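Presented below is the structure to which this report refers.
Chains as they are written, first to last, in this note's numbering: chain A, 1 to 163; chain B, 1 to 150.
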C-alpha cells in the first residue's frame, strides 16, 4: 500500500490550469461542443434574463408574426456558446470582448411526446484561434455556431486575455 | 408608424441602479449552461483575485436591456416590438461584473437608419459603477424593425 505525501505546499490553482497564450496556435480549435436546447431552457432563460418576449414561448404568437415556430432568444444562444469558452479560459474575466451577429433563428419546437424538457434543437460550436497579440496579451477566437446544418451566428469573435 | 429618426443622439438612464446579486449570477449561469465555478463559488473566485462570484460574459445584457427598454418602449420611438428581430450584440469589458456591484446603465441611441423598408437601430449602453462612475462594460446592440410590407 502506498501513501502519497501531503503536498500542502502546492495545491493546483487557477493559474496552473488556465490556458497560456504561449501555448496557443493560430488555426487550432480550442473548444468544440454540442449544446442541446429545449423549450424548458427558453422558459428558464426568460426568467433569468427578464426577456419575456412572446416569440420565445408561444407558438401561436410566433407564427402570427411570421416565424416557423417558437425561437430561442439570440442571447441564450450567445450566452450558451460563451459559457463553454469561459470554462476553457478558467477565469471568466479573461473574456474582455465578445461580439456576434444573429444570422438565422434557432427554432425550438415543443417536444411532441415524452418529457416537456426534452431537447428539440442542438447547437454545434467550434472556437478556433484566429489571431494572437503577444504584446497585448490577448488572443482572438473565431467561433462557428450552427443549428442543424444552418449557421445561426455570424462573425462571432471572442477576445481573451491570457498569461 | 415609422421609426422616429429624430431620437438619434438621445440617451436614457435607469432610474435605479442595477444591484448585482450572487443569486442573479447563479440563476443566469444555470440558464445558459455556464458551469464555470467562478459563477457559483466565491472561494474559487477569490483564487482568481475577485472579491466575490463573477458574472457570465453576457450577464451585462440584463441591465443593458432594461436601459434599452426605456427607449424602445417610448411611444414616440415608433418601434413596433412585435416586428423586432435581434441583429447583433457586442460586450466590451473594462473589468468583469462581480456580485455586489451597483451599476448605472445609460442607453445611447447611436444609429437609426432605414434600409429596404426595414429600420436598423443601434444602441450603446454604458455600464458604470453607480457610486464612482468608473466604467465597467459597454454593450452595443443592433435591432432590426421589419417593415410592414416585409
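We put the CB at the ideal spot given by N, CA and C, even for glycine.
In this text the structure is predicted, and so the values were computed from the model without any measurement.
Give every residue of the same chain whose Cβ lies closer than 6 Å to the Cβ of residue i, excluding the five residues on either side of it in the sequence, and list them in chain order.
| i | result |
| --- | --- |
| residue 150(B) | Only weak support is given to the placement of residue 150(B): the predicted model assigns it a pLDDT of 44, under 50, and the value that follows is read from those uncertain coordinates. Cβ neighbours of residue 150(B) beyond the five flanking positions: 117. |
| residue 147(B) | 117, 118 |
| residue 89(B) | 141 |
| residue 160(A) | 89, 94, 95, 139 |
| residue 125(B) | 64, 67, 105, 107, 139 |
| residue 145(B) | 3, 79, 83, 84, 119 |
So which residues on chain A does residue i lean against when the C-beta distance must stay under 8 Å?
| i | result |
| --- | --- |
| residue 18(B) | By Cβ distance, chain A contributes nothing, its closest Cβ being about 11 Å from residue 18(B), past 8 Å. |
| residue 104(B) | Near residue 104(B) there are no residues of chain A at all, since even the closest Cβ is about 18 Å away, more than 8 Å. |
Which residues of chain A have a Cβ atom closer than 9 Å to the Cβ of residue i, listed in chain order?
| i | result |
| --- | --- |
| residue 89(B) | 74, 75, 78, 98, 99, 100, 101, 102 |
| residue 38(B) | 14, 86, 90, 91, 92, 93 |
| residue 92(B) | 96, 97, 98, 99, 159 |
Run down chain B in chain order and give the residues with a C-beta less than 9 Å from the C-beta of residue i.
| i | result |
| --- | --- |
| residue 35(A) | 33 |
Residues of chain B with CB closer than 7 Å to the CB of residue i, please, in chain order.
| i | result |
| --- | --- |
| residue 14(A) | 47, 48 |
Whose C-beta lies closer than 8 Å to the C-beta of residue i among residues of the same chain, with five residues either side of it excluded?
| i | result |
| --- | --- |
| residue 35(B) | 29 |
| residue 155(A) | 99, 100, 101 |
| residue 71(B) | 7, 10, 12, 77, 107, 109, 123 |
Can you name the residues of chain A whose CB is closer than 7 Å to the CB of residue i?
| i | result |
| --- | --- |
| residue 82(B) | 65 |
| residue 86(B) | 74, 102 |
| residue 96(B) | 92, 93 |
Near residue i, what residues of its chain come up, given a Cβ to Cβ distance below 7 Å and the 5 sequence neighbours on each side ignored?
| i | result |
| --- | --- |
| residue 5(B) | 112 |
| residue 133(B) | none |
In chain order, what residues of the region 73–105 of chain A put their CB closer than 7 Å to some CB of chain B? 74, 75, 76, 78, 79, 80, 82, 83, 86, 87, 91, 92, 93, 95, 96, 97, 98, 99, 100, 101, 102
What residues from the region 41–55 of chain A come within 9 Å of chain B, judged by C-beta to C-beta, listed N to C? 41, 44, 45, 46, 47, 48, 49, 50, 51, 53, 54, 55
Counting beta carbon pairs with one atom in the region 18–37 of chain A and one in the region 95–105 of chain A, are three or more of them shorter than 8 Å? no
Please specify which runs of the beta strand (DSSP E), each continuous and at least 3 residues long, are wholly inside the region 22–95 of chain A, giving them in chain order. 29–37
Touch check for the region 112–126 of chain A and the region 5–19 of chain B: three-plus C-beta pairs under 8 Å? no
Name the residues in the region 55–67 of chain A whose C-beta lies less than 9 Å from a C-beta of chain B; which are they? 55, 61, 64, 65, 66
What are the uninterrupted segments assigned as alpha helix (DSSP H) that are 4 or more residues long and contained completely in the region 90–146 of chain A, given in chain order? none
For the region 62–122 of chain B, list the beta strand (DSSP E) runs that are entirely contained and at least 3 residues long, ordered along the chain. 84–93, 102–115
Along the region 50–68 of chain B, what residues have a CB closer than 9 Å to any CB found in chain A? 50, 54, 55, 56, 57, 58, 59, 61, 62, 65, 66
Evaluate contact between the region 63–81 of chain A and the region 105–120 of chain A, counting only Cβ atoms and requiring at least three cross-stretch pairs below 8 Å. yes
Evaluate contact between the region 33–48 of chain B and the region 130–137 of chain B, counting only Cβ atoms and requiring at least three cross-stretch pairs below 8 Å. no
Three CB pairs or more closer than 8 Å across the region 128–146 of chain A and the region 56–70 of chain A: no
Listed from N- to C-terminal order along the chain, which residues in the region 1–13 of chain B have their beta-carbon within a distance smaller than 7 Å of any beta-carbon of chain A? none
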